[in-house]
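Residue numbers for the sequence shown follow this note's numbering, so the first one is 4 and each next one is one higher.
Idealized CB from N, CA, C, for every residue including glycine.
To start, the structure under review is shown below, and the notes come after it.
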Amino acid sequence: MKDHCNFIRTIIVAIFCIIFLCACTPKDNRTVIQFASWGSKSEIDILKPILSEFEKENPDIKVDFMHIPQNYFQKIHLLFASNTAPDVIFINNLYLPIYANAGVLEELNIENSNDYYPQAIEALSWNNKNYAIPRDISNLVIYYNKDLFKKKNIKYPNNNWTFADFLKTAQKLTDTKTFGISFEENPYYYIPYLLSCGGDILPDKINTPDSKYALNFYFDLRNKYHVAPKKSESASATMAQMFIQQRIGMYLSGRWMVPKLREECNFDWDIVQFPKGTKASIVQADSSGWAITKTSKHKAEAYKLIKYLSSKKASDQFVTSGLIVPARIDSQKVFLDGKKPHNAKIFIDIIQTSKPTSVTTDYREIIDNLQKDMEKKFN
4 MKDHCNFIRT IIVAIFCIIF LCACTPKDNR TVIQFASWGS KSEIDILKPI LSEFEKENPD
64 IKVDFMHIPQ NYFQKIHLLF ASNTAPDVIF INNLYLPIYA NAGVLEELNI ENSNDYYPQA
124 IEALSWNNKN YAIPRDISNL VIYYNKDLFK KKNIKYPNNN WTFADFLKTA QKLTDTKTFG
184 ISFEENPYYY IPYLLSCGGD ILPDKINTPD SKYALNFYFD LRNKYHVAPK KSESASATMA
244 QMFIQQRIGM YLSGRWMVPK LREECNFDWD IVQFPKGTKA SIVQADSSGW AITKTSKHKA
304 EAYKLIKYLS SKKASDQFVT SGLIVPARID SQKVFLDGKK PHNAKIFIDI IQTSKPTSVT
364 TDYREIIDNL QKDMEKKFN
């Protein structure tokens, strides 16, 4: 009986202690804003410390970070449809028109817009209204294997080269073990061929003589001149993997490949701008940035967050990784850090002649249909 009473007394004391501790624990009265983004592990490892620094500088705000590494826009679309969209979303110019046209994004006034490349701001605008503050500006360049060029006694390409020079170089690089240039069936990677010949990707331009010339040139790289691998010749390897394995001498891609190439290439490499077609050397200028949703109940706090994420301090942290070309002009110095590629300034120089990708509200459907149509031609 005595043991039973002691047990009951212990339970009562424990309950009172729990109640006391709960009463003494300070309530978290911070405003919570939800922020969604895609990104690889390395990218998120950069982002999370920036978010922590923001919370320290803004102790009244807590950021609930929602990482969506796969099928990002499909999931964002469902969140909008169910009225559970985050306060802030990371977005790119290829999808922005869908949400801007639907009226689910806040129009933004970018303070100190001169700090940014105008191409980045233009890319994240719709109907002359801006809907996101840019983080980066994406463009495509030709990566090339310098060791392979030396071995085959081929001159390094320069920024004045033409489609004819490009083809000759690809032919010289090609042998039984190596292809001259990468080949992707994703339309994103043949947009530079179209733009440099005066063509474009949208239905009213894709069938013009200029676009047909560019597509035939691209097609011939694989099927006429055999300087680019067919599907059966690349098997399951990506173009990036083939370049790293030295099975491709030149590789068309963006800045996002730099960290991987720095880490995995055991040969010397550099970049050169895309060759001049019948008109000029033009690549797309795409951009990603941060937008605020219309349904956000904490727009002032959300705007504080995107201002912080787009600050020079945060921009420099993203740039240091080598992952992005900064949309901020004043982050150039950090970007040109002396690491590979040696000709990194090309990423900056070609912005002036870049053109934001032509997009519409049904851009994704257009691209999917084009890819299906071109698959037959390319193979």
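Nearest to G183 by C-alpha distance, out of W293, N142, A231, W259, is A231. With contacts defined by Cβ atoms closer than 8 Å, L176 and M253 form a contacting pair.
Between P359 and Q122, the C-beta gap is smaller than 8 Å, which places the two residues in contact.
DSSP places Y75 inside the alpha helix (DSSP H), whose first and last residues are 75-84.
Excluding sequence positions up to five before and after D273, its CB lies within less than 8 Å of the CB of Y146, Y147, K149, Y159, K343, P344, H345, N346, all in the same chain and listed in chain order. DSSP, reduced to helix, strand and coil, places I204 outside both helices and strands of the structure shown, so it counts as coil.
In the structure shown, T298 falls within a coil segment according to DSSP collapsed to helix, strand and coil. Checking the DSSP bridge columns, you'll see Q276 has no partner listed.
Using a Cβ distance threshold of 8 Å, I79 and I64 do not count as a contacting pair.
Of the other Cβ atoms in all chains shown, 16 or more fall within 10 Å of the Cβ of E46; this residue is therefore buried. For K155, the CB contacts under 7 Å within the same chain, skipping 5 residues up- and downstream, are K175, L176 in chain order.
It is roughly 43 Å from the alpha-carbon of R225 to the alpha-carbon of F38.
Rounded to the nearest angstrom, the gap between the Cα atoms of N161 and L54 is 41 Å. Counting C-beta pairs closer than 8 Å gives fewer than three between the stretch 95-109 and the stretch 325-342, which falls short of the contact rule. Listed in chain order, the non-local C-beta contacts of H229 below 6 Å within the same chain number zero, local neighbours out to five positions each way being set aside. CA-to-CA, the gap between I247 and A303 works out to about 46 Å.
In the DSSP assignment, P137 falls within the beta strand (DSSP E) that extends over 136-141.
Comparing alpha-carbon positions, the option among K307, D139, F350, P195 lying closest to V286 turns out to be P195. In the DSSP assignment, F270 falls outside any alpha helix (DSSP H), carrying neither H nor E. P278 and A305 have their C-alpha atoms roughly 42 Å apart.
Between L111 and A135 the beta-carbon gap is near 7 Å, inside 8 Å, which marks them as a contact. Between the stretch 204-224 and the stretch 261-269, the count of C-beta pairs closer than 8 Å stays below three; the two stretches do not touch. Between K297 and the set L373, Q244, F83, S43, the nearest pair of CA atoms involves F83. A check of alpha carbon separations from L326 across N32, I49, T34, V35 identifies I49 as the nearest.
By the Cβ-count criterion, L99 is buried, with 16 or more other Cβ atoms from all chains shown falling within 10 Å of its own Cβ. In the three-state reduction of the DSSP assignment, Q355 falls in the helix class.
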